Structures are given as structure tokens and as C-alpha cells.
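Visitor:
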Amino acid sequence: LNGNGEVVSVGDTGLDHTVAFFQDVSGENVTMLKDPFFFNETNETSAVLNKSHRKIIGYWPLMDARDYAGGHGTHVAGTVAGAAGHACAIAGERQCSLARFDGMAPEAKLLFADLQCNTPDGCDCGWHEWCPCVDYPDGRCPSDQYLYPPDDLASGYLRPLYNLGARINSNSWGRGCPS
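The end of the sequence shown is residue 843 by my numbering, with every number in the run present.
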């Protein structure tokens, strides 16, 4: 069991895709998913996944597309599916010390949902009915270290990720709610 053929979704603070456990040295970019909710009459989404990226096939920036330094989301995604083998190959190391820190499913692909605002002026998740930011001044979620998942987790969060191919979802959420 190494995750081969699986897509795992992780929702957390953000993901630093330049870390060795996620970086694609072939130059493939991480694809930002603009609107994974829209489906046409044949039930196809307008979201385009990048299945060529060695690790991250899609990044859904519900808040923004960044993680704070030493970010929890980067750590959680690495624990789930991080794989440093390519970094070891580039370095030419036969016994690579980084590879011992690979995640539990190093061959799995990741769909990441960014649920924390790390932008100093706040984040606006747009016109979507699921957007929790509408309850804040100017419709912007604050940059305050809290996660802001959609109000309806079933249809506003889990369903789009499932429709994009994720059959396993990891949410390492804790801490109280903002007041």
C-alpha cells in the first residue's frame, strides 16, 4: 500500500508546493482550480486537473494560494502523501535521508483545498453561496490563523472534491471557532 492510483484531498492552511516532497522538477505547474462547482449538462466540471504534475493535480484556493511559514497544511499534506524521492535522485544520493520522511501514501496524487486566509488584507471567496466570508465586514475573511471552510461541508466542500476524483479526504482541523 503506497497510494498508487489514488487521489487524496487535503483541506488545511495552505500548501507550499516548492517543498521537496511536492515539487515537480520537470517544470509542471500546480493548477489552480477556479470553479470546481460548475458542471455542464454531461456532468463534466470546468476545473482542469493537471494529472502530469508528479504530486499536486489541483489546488483549490478557497481563501488564497499561500501557506504561512512552517505551515500546518504543508505538514499535513506531507504526512499524507509527501514523496522526496525525486529530490534524492537529483542530488544523486543512493541513500537519501529525506526519503525516510515520505508520507504514508507517497505514490498518491493530491487535491489541496486552501481554507485559511494568509493575505494581510483578508480574503474574499467571491460570489459563491458557500462562502463564509459574507459574515465579515466588506465580505472578507480576516487573516487570523483560523480555517474558513464552506458553511455546507457536504455540498460546498466534500462533493466538489469527490467529483474531481478524491476518494480519501484528510482534515486535521482543530482549535476553536473565531468569535
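Cβ atoms here follow ideal geometry from the backbone N, Cα and C, with glycine treated the same way. In this text the structure is predicted, and so the values were computed from the model without any measurement.
Quick one: give me the first and last residue of the beta strand (DSSP E) that Y826 is part of.
Guide: Residue 826 sits at position 162 when you count from the first residue of the sequence shown. Here Y826 belongs to no beta strand (DSSP E); instead the alpha helix (DSSP H) covers 823–827.
Visitor: Using 8 Å as the threshold, is the segment 825–832 in touch with the segment 800–815, meaning 3 or more CB pairs across them?
Guide: The answer is no - the segment 800–815 does not touch the segment 825–832, with fewer than three Cβ pairs under 8 Å.
Visitor: Which residue wins for smallest C-alpha separation from G678, given the options T743, D802, L726, D785?
Guide: Looking up residue 678 in the sequence shown gives position 14. Per the Cα distances, L726.
Visitor: Under three-state DSSP, which class holds L775?
Guide: Position 111 of the sequence shown holds residue 775. L775: strand per DSSP, three-state reduction.
Visitor: Quick check: G786 and S807, are their CB atoms within less than 8 Å of each other?
Guide: Along the sequence shown, one-based indexing puts residue 786 at 122. Along the sequence shown, one-based indexing puts residue 807 at 143. Yes, the Cβ-Cβ distance between G786 and S807 is below 8 Å.
Visitor: State buried or exposed for P801, treating a residue as buried only when at least 16 other CB atoms are found within 10 Å of its CB.
Guide: Taking the first residue of the sequence shown as 1, we reach residue 801 at position 137. The residue in question, P801, is exposed, as its Cβ has fewer than 16 Cβ neighbours within 10 Å.
Visitor: Where does S834 fall in DSSP's three states?
Guide: Sequence index remark: in the sequence shown, residue 834 carries index 170 (1-based). In the structure shown, S834 sits in a strand (DSSP, three-state: E or B).
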